[in-house]
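Accompanying notes for the structure given below.
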Amino acid sequence: QESAAGPACAAAQDPSPATVAVCIVGAIMSEGAPLNASSVMDFGGFMRDVEQSVLNMVREVNHGPQTLWENVQAFTAAVDFSERWIQALLGFHVAFATTVVLTRHNDLAQGVLFALLAALVLAAEPINAVLARNWQRFATQNYFDEHGIFTGVMLCLPLLIVGCFQLVHLLRTAAYMLIKVKRRQLRDSIKARRREHAAPEGKGPRRHAAAEGKGPQKMD
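Each residue of the sequence shown is one higher than the last, beginning at 1160 in the numbering used here.
So this is what it looks like as structure tokens:
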């Protein structure tokens, strides 16, 4: 009785398939029942059912998005873009990117915009924490988890793309200015060499003419 109660209690405490199978075998052995063909077949069928249930659980666990496109689709499906504050955030990104493009030739404006961009990216974590505590005031669901996935995608990612555009434009402008300065230096050096070569040729005839002018005066 104690051996039969032991597996039953174990199955009640841990109702996993493996524990249930062990309890069944223990109950059969404790009762002294012979392991005939029918009991073996019943146990085999039970184990096949357990295997199928485990496979179904694994399929359910691995049913989530696997590829990048599936993750993008899952994210866009989870976000309600009809909410006004999300539309305002997207409008801010469009206005910010447009301002950066229009003022790309103004160094002061580019510096100010880049500083604002960097400040927003650095403050993303505190912003996510504040919004997570107050999301009921403006959102229909809590988008702000502890990992900050929504904040990183919706706030930081567009700003980082704009920042990369600014850096590429800055490098392109610096390379163009360097090429322009080097060309001017080459032109100045070529002009200086031409002047050096032209100076002795100009001084020679003048000295020769002066010498010819002085000669007849001494003879007179």
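Every residue gets a Cβ at the ideal spot worked out from N, C-alpha and C, and that includes glycine.
- Excluding residues up to 5 positions away in sequence, Thr1310 lie with their Cβ nearer than 7 angstroms to the Cβ of Ile1286 in the same chain.
- If you compare the alpha carbons of Ser1212, Glu1229 and Val1312 with that of Leu1248, the shortest gap goes to Val1312.
- A residue is called buried when at least 16 other Cβ atoms come within 10 angstroms of its Cβ; Leu1316 does not meet this threshold and is exposed.
- Under the three-state reduction of DSSP, Tyr1302 is assigned to coil, being neither helix nor strand.
- Straight across, the Cα-Cα distance linking Glu1242 with Gln1344 is about 58 angstroms.
- Membership of Trp1294 in any alpha helix (DSSP H) is not indicated, and neither H nor E is assigned to it by DSSP.
- For Glu1210, the three-state secondary structure derived from DSSP is helix.
- Annotation: the continuous alpha helix (DSSP H) that includes Thr1235 extends over Leu1227 to Ala1237.
- Apart from the 5 residues on each side of it in sequence, Tyr1302 sits with its Cβ closer than 6 angstroms to the Cβ of Phe1309 in its chain, given in chain order.
- A distance below 7 angstroms between beta-carbons, with the five flanking residues on each side excluded, links Glu1284 to the following residues of its chain, in chain order: Gly1307.
- Around the C-beta of Val1260, fewer than 16 other C-beta atoms lie within 10 Å, and the residue is accordingly described as exposed.
- Short of 8 angstroms from the beta carbon of Phe1273, and not among the five residues preceding or following it, lie these beta carbons of its own chain, in chain order: Gly1322 and Gln1325.
- For Leu1281, the enclosing alpha helix (DSSP H) begins and ends at Asp1266 to Leu1281.
- Judged by DSSP in its simplified three-state form, Thr1262 adopts coil rather than helix or strand.
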